[in-house]
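Step one of this worksheet: look at the structure below.
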Amino acid sequence: MGKLSTFDVNDIMSPSESEIYQINNLNLNEIHKMRRDELLKSDFELDHLNDKDKKDMQDLLLKNYKVFSKSYKTLGETSAVIPEFSLLHNFPLQTKPYSIPLMAKKHAQQEINNLLEAGIIEPSSSSYCFPVIFIKKKQNPNDSNSEPKFRMVVDYRLLNSITETFKICLPKISEIIKNIAGRKIYCVLDLKSAFFQIKLRDEDKRKLAFCTEIGNFQPTRLPFGSKNSTSYFHTLISKCLNGITGKNVQFFLDDIIIAADSLCELKVTLQQVFDRLIKFNLTLDPAKLQLCKPEITYLGFDLNANGFSPSEQNVNKVTNFPRPKN
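Here it is, written out as structure tokens:
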């Protein structure tokens, strides 16, 4: 059974610096400098605010450059929660690599190179080996000339079948929505490549090795698709935000929502959340931030000062669902 390190709810201290971040011999200060240098005012969509409020928010966001990452190289890394992959037996499992579609080959090579360079994966000679799937991402309808993009996913179904379950209770979406609805202004924060921010134990890396036509590799961070990844990540964010969730802050996995009745209140709460994320060396994706909105869609619901309602997109899915013909 997966285990968690003991945790005092009154002690929200980050792991030691020696545990928290070491990529390609870069120390934490160098990583922070890289994060600062890659961040731009234009990364934040704030044009709906007046000039004064826009400048105030830009100043707050740029001051907290340590909490933003735009690349794998500057991604957060924490050992505040340590996953354990306990298997029902120790017989190595191997499968042949899947063929990479021709249109995905260029992306596959680039993605693997980027992950290697950032230290998120490493070459492997493990006796465990699982195949990789490249899934085409949805293309922006307004950008039909852009090259297709793909998401790399390891097919861990065989490994998952012999992995012991680490069970947790995820919060009810209905309760999250009730707690956060009816406020005048909202922000939604999205963690960058969320699972990749959790370090793996050395003894578990080989169990999660994967094979491609390019070569065999193993993750150094928690991968998407492995059993219990969601549970461990939820536990991490629960630990990180312990004591500040409530009517102003809620989260579901890697999506954190902040609500307030004024911009001043929002900025105070936003700084509290940033401080916690920085302590745990977790980073947000600036491209996915939704900032200072009077109405926002979150977990399938539209939220505003009047309360909440099912999002128009979800309503359309129901109303446009084909009627039975017999």
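First residue of the sequence shown? That's 25 in the numbering used here, and the numbers climb one at a time after it.
Cβ coordinates follow ideal geometry from the N, Cα and C atoms, glycine included.
For this session: Assuming Cys211 and Leu308 form a contact by the criterion Cβ under 8 Å, report the distance between their Cβ atoms to the nearest whole angstrom.
Result: Not really, about 11 Å apart at Cβ, beyond 8 Å.
Problem set entry | Helix, strand or coil at Tyr322 [DSSP, three-state] | strand
For this session: Pair every Cβ in the segment 108-120 with every Cβ in the segment 51-67, then say whether three or more of these pairs are closer than 8 Å.
Result: no
Exercise. Identify the residues that DSSP records as bridge partners of Cys153: which are they?
Worked result: Gln118
Exercise. Rounded to the nearest angstrom, how far is the Cβ of Ile144 from that of Thr244, given a contact under 8 Å?
Worked result: 6 Å
Exercise. DSSP state of Asn240, grouped into three classes?
Worked result: strand
For this session: Would you tell me roughly how many angstroms separate the C-alpha atoms of Pro172 and Leu126, rounded to the nearest one?
Result: 12 Å
Problem set entry | Cβ-based neighbour list, Leu139, same chain, cut-off 6 Å, excluding 5 preceding and 5 following | Ile145
Exercise. For the segment 188-232, which segments carrying the alpha helix (DSSP H) assignment without a break, of at least 4 residues, lie completely within its bounds, in sequence order?
Worked result: 197-204 and 226-229
Problem set entry | Sequence-distant residues of the same chain with beta carbon closer than 6 Å to Glu135, five excluded per side | Met176
Exercise. The alpha helix (DSSP H) spanning Val297 covers which residue range?
Worked result: Leu287 to Lys303
For this session: For Asn203, I'd like the list of residues in its chain whose CB is within less than 8 Å of its CB, leaving aside the five on either flank, ordered along the chain.
Result: Gly270, Lys271 and Gln274
Problem set entry | Inter-residue spacing [alpha-carbon to alpha-carbon] between Asp75 and Cys316 | 13 Å
Problem set entry | Distance, Leu213 Cα to Asn88 Cα | 14 Å
Problem set entry | Beta-carbon gap between Val178 and Pro121 smaller than 8 Å | no
Problem set entry | Inter-residue CB distance, Lys97 and Glu141 (contact presumed, cutoff 8 Å) | 7 Å
Exercise. Can Glu343 and Lys251 be called in contact, C-beta distance under 8 Å?
Worked result: Glu is not the amino acid found at residue 343; the sequence shown has Thr there. No.
Exercise. With a Cβ-Cβ cutoff of 8 Å, do Ser150 and Arg230 count as a contact?
Worked result: yes
Problem set entry | Inter-stretch contact at 8 Å, needing at least 3 Cβ pairs: the segment 253-269 / the segment 214-230 | yes
For this session: Tell me whether Phe345 sits in a helix, a strand or coil according to DSSP, three-state version.
Result: coil
Exercise. Looking at the unbroken alpha helix (DSSP H) that takes in Glu135, where does it start and where does it end?
Worked result: Lys129 to Ala142
For this session: Pull up the CB-CB distance for Leu84 and Ala205, whole angstroms please, since I reckon it's below 8 Å.
Result: That pair is no contact at about 25 Å.
Exercise. Going by Cα to Cα distance, which pick from His258, Phe276 and Asp278 is closest to Lys191?
Worked result: His258
Exercise. When you compare only the Cα positions, how much space is there between Leu194 and Thr321?
Worked result: 20 Å
Exercise. Is Glu336 helix, strand or coil by DSSP?
Worked result: helix
Exercise. Does DSSP put Glu146 in a helix, in a strand, or in coil?
Worked result: strand
Problem set entry | Counted within 10 angstroms of its Cβ, other Cβ atoms place Asp226 as buried (16 or more) or exposed | exposed
Exercise. Who does Lys160 pair with in a DSSP beta bridge?
Worked result: Phe174
Exercise. What are the start and end residues of the alpha helix (DSSP H) that includes Phe257?
Worked result: Ser253 to Cys264
Exercise. Is Val91 helix, strand or coil when you go by DSSP?
Worked result: helix
Problem set entry | Other residues of its chain near Lys312: CB distance less than 6 Å, five sequence neighbours each side excluded | Asp214
For this session: May I have the straight-line CA-CA distance separating Thr119 from Asp285, to the nearest angstrom?
Result: 54 Å
For this session: In the DSSP assignment, find the alpha helix (DSSP H) that holds Lys57 and state where it starts and stops.
Result: Leu52 to Glu62
Exercise. What's the C-alpha gap between Glu289 and Phe154?
Worked result: 48 Å
Exercise. Relative to the alpha-carbon of Arg181, which residue among Phe234, Ile200, Ser198 and Lys161 has its alpha-carbon at the smallest distance?
Worked result: Phe234
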